Amino acid sequence: MKKIRLYTPGPCAVPEEVLLEMARPFEHHRTDWFKGYMKDCRAKLKEVLQTKNEVLIISASGTAAAEGAIIGCHPPGSKLLTIEGGKFGQRWGEIAQQFGIDVIRHEIEWGTAIDPQVIADYIKKDPAITAVMVVHSETSTGTLCDLEAIGKITNAAGKLLLADCITSAGCLPLKPDDWHVDVAITGAQKALMIPPGLGFVALSDRAWSVVEHNKTQHAYYLNLVKARKSAEKNDTPFTPAHLLIRGLSKALGILLEDGIENVWKSVAAMAVATRAAGQAIGLQLFSKRPSDSVTAFNAPEGVKVSDIRGQLKERYGIQSAGGQEHLKGKIFRIGHMGYVDDMDTVLVIAALEQVLYKLGHKFELGAGVTAAQRVLAERL
Ligand SMILES: *Cc1c(COP(=O)(O)O)cnc(C)c1O
Numbered sequence: 522m523k524k525i526r527l528y529t530p531g532p533c534a535v536p537e538e539v540l541l542e543m544a545r546p547f548e549h550h551r552t553d554w555f556k557g558y559m560k561d562c563r564a565k566l567k568e569v570l571q572t573k574n575e576v577l578i579i580s581a582s583g584t585a586a587a588e589g590a591i592i593g594c595h596p597p598g599s600k601l602l603t604i605e606g607g608k609f610g611q612r613w614g615e616i617a618q619q620f621g622i623d624v625i626r627h628e629i630e631w632g633t634a635i636d637p638q639v640i641a642d643y644i645k646k647d648p649a650i651t652a653v654m655v656v657h658s659e660t661s662t663g664t665l666c667d668l669e670a671i672g673k674i675t676n677a678a679g680k681l682l683l684a685d686c687i688t689s690a691g692c693l694p695l696k697p698d699d700w701h702v703d704v705a706i707t708g709a710q711k712a713l714m715i716p717p718g719l720g721f722v723a724l725s726d727r728a729w730s731v732v733e734h735n736k737t738q739h740a741y742y743l744n745l746v747k748a749r750k751s752a753e754k755n756d757t758p759f760t761p762a763h764l765l766i767r768g769l770s771k772a773l774g775i776l777l778e779d780g781i782e783n784v785w786k787s788v789a790a791m792a793v794a795t796r797a798a799g800q801a802i803g804l805q806l807f808s809k810r811p812s813d814s815v816t817a818f819n820a821p822e823g824v825k826v827s828d829i830r831g832q833l834k835e836r837y838g839i840q841s842a843g844g845q846e847h848l849k850g851k852i853f854r855i856g857h858m859g860y861v862d863d864m865d866t867v868l869v870i871a872a873l874e875q876v877l878y879k880l881g882h883k884f885e886l887g888a889g890v891t892a893a894q895r896v897l898a899e900r901l
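Under the working numbering, the first residue of the sequence shown carries the number 522, and numbering increases by one thereafter.
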């Protein structure tokens, strides 16, 4: 008997009620039936993403939402600064380049977060910069940047701030409106607890005025103006992934029942417990500024990442993530997003201890679970 236990930082585990909701018979999408789900999701998304702005629902993954935003926010003559400290930061620079947008791609060491002052210096040095794009929680390295501090800088300078919030929205403290985030982007399969296939993007008034005046934009499917026009009528410009939207309505309801701030606290507690466990069993954290939605550990000396992940999966059905690019074989990652709770966290730590023990890593068996238990028990 083997259970499927999903601890990857996307796709994340989906509640059974959500899966069942999507399995029920469905109607056509140009109906009041579908409009009801759209209306419900539009309201709930604003609450989960903590914004008064319309949250557009795109029937494609988070990357598509980001691509639409990048294209829309960059009419000719604009210039983008991207901050790249991991796989996803790189992706936004690549998209800008592919569409011929004038872009400065600032690379930082993977596992570190951008010093907001560096952004301030760039803007000062190069007034032609019109927008800055950052990854709030860089999933590939488990690293969080100070989005609020960056927003203060870009706002004071009158520049647009685009933020990949794909592994922060719905799991980490995020206040796009208060923090002057002009474009907040997220996706379905991380903290929002539905299967992959939807992307989301919320734009500030300032960002909308750029998008609306961008007459040359090359996007057709990802045209944000068209998406907003339809959304205002609880509709979509093209055939929506309507069963995912039905599932979304249920999943957002579950998050909001707990209260989004309580969800943030719970995710933080799971991350703190996991880091405490790692420390207790001699695992080194990869990130210098860890995100609470995903923890990246270095593999211990003499133990292969592929063996750790392979054993976790083989023995306990636990799916974890490895490292990408030059981090392949160096780190492994465990997510704290989606349908996971405290006891799921204790479970993955217990399994990890058993696997590491068998693989010859030296530590006191049970020390990680004890450390995690202490964090979780003291919280209640
Ligand atoms: C998962 C992820 C993406 C990519 O989203 P897709 O839904 O796979 O397109 C982008 N950025 C971050 C930070 C992510 O975690």
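Glycine residues also receive a C-beta, built at the ideal position from the N, C-alpha and C atoms. Remember, predicted model here, so these are calculated numbers, not experimental data.
Alpha carbon to alpha carbon, what distance is there between Y528 and L886?
Approximately 22 Å, taken between the alpha carbons.
Give the secondary structure of P637 by DSSP, where H, G and I count as helix, E and B as strand, and everything else as coil.
It is helical.
So V569 and I852 are supposed to be a Cβ contact under 8 Å. How far apart are they, rounded?
Rounded, the Cβ-Cβ distance is 29 Å, inconsistent with contact.
Which first and last residues belong to the beta strand (DSSP E) in which D623 is found?
Looking at the DSSP string, the run of the beta strand (DSSP E) that includes D623 is D623 to E628.
Is the Cβ-Cβ distance between V826 and A817 less than 7 Å?
No, the pair does not count as a contact, with Cβ atoms beyond the cut-off.
Measuring only the C-alpha atoms, how far is G502 from D813?
Residue coverage of the chain in this structure runs from 522 to 901, which leaves residue 502 outside it and unanswerable.
Buried or exposed: where does P761 fall if 16 or more other Cβ atoms within 10 Å of its Cβ makes it buried?
With 16 or more Cβ atoms within 10 Å of its Cβ, P761 is classed as buried.
Give a single yes or no on whether G589 has its beta carbon closer than 6 Å to a heavy atom of ligand 1.
Checking every heavy atom of ligand 1 against the Cβ of G589, none is found closer than 6 Å.
Measuring alpha carbon to alpha carbon, tell me which residue in I650, E733, L719 and P532 is nearest E625.
Glu is not the amino acid found at residue 625; the sequence shown has Ile there. Among I650, E733, L719 and P532, the Cα nearest to that of I625 is on I650.
Nearest by alpha-carbon distance to H739: which of K786, P596 and W554 is it?
Considering only alpha carbons, the answer is P596.
Given 6 Å as the limit, tell me if T688 has its C-beta closer than that to any heavy atom belonging to ligand 3.
In the structure shown, ligand 3 is absent; the only ligands present are ligand 1.
Can you tell me whether F547 is buried or exposed? The criterion is at least 16 other CB atoms within 10 Å of its CB, across all chains shown.
Label assigned to F547: exposed.
Shorter than 6 Å, the distance from the beta carbon of D685 to the closest heavy atom of ligand 1, or not?
Yes, the beta carbon of D685 sits closer than 6 Å to at least one heavy atom of ligand 1.
What separation, rounded to the nearest whole angstrom, lies between the Cα atoms of E768 and F884?
Reading the sequence as shown, one finds Gly at residue 768 and not Glu. If I take the Cα positions, the gap works out to 43 Å.
Let's see if you can read the secondary structure: which residues bound the alpha helix (DSSP H) around I674?
Unbroken alpha helix (DSSP H) run through I674: L668 to A677.
Under 6 Å: does the beta carbon of F609 sit that close to some heavy atom of ligand 1?
Within the cutoff, so yes.
Give the DSSP-derived three-state secondary structure of K696 in the structure shown.
Coil, per DSSP.
Identify which residue in S725, I839, K834 and A709 has its Cα closest to the Cα of G718.
The shortest Cα separation from G718 among S725, I839, K834 and A709 belongs to A709.
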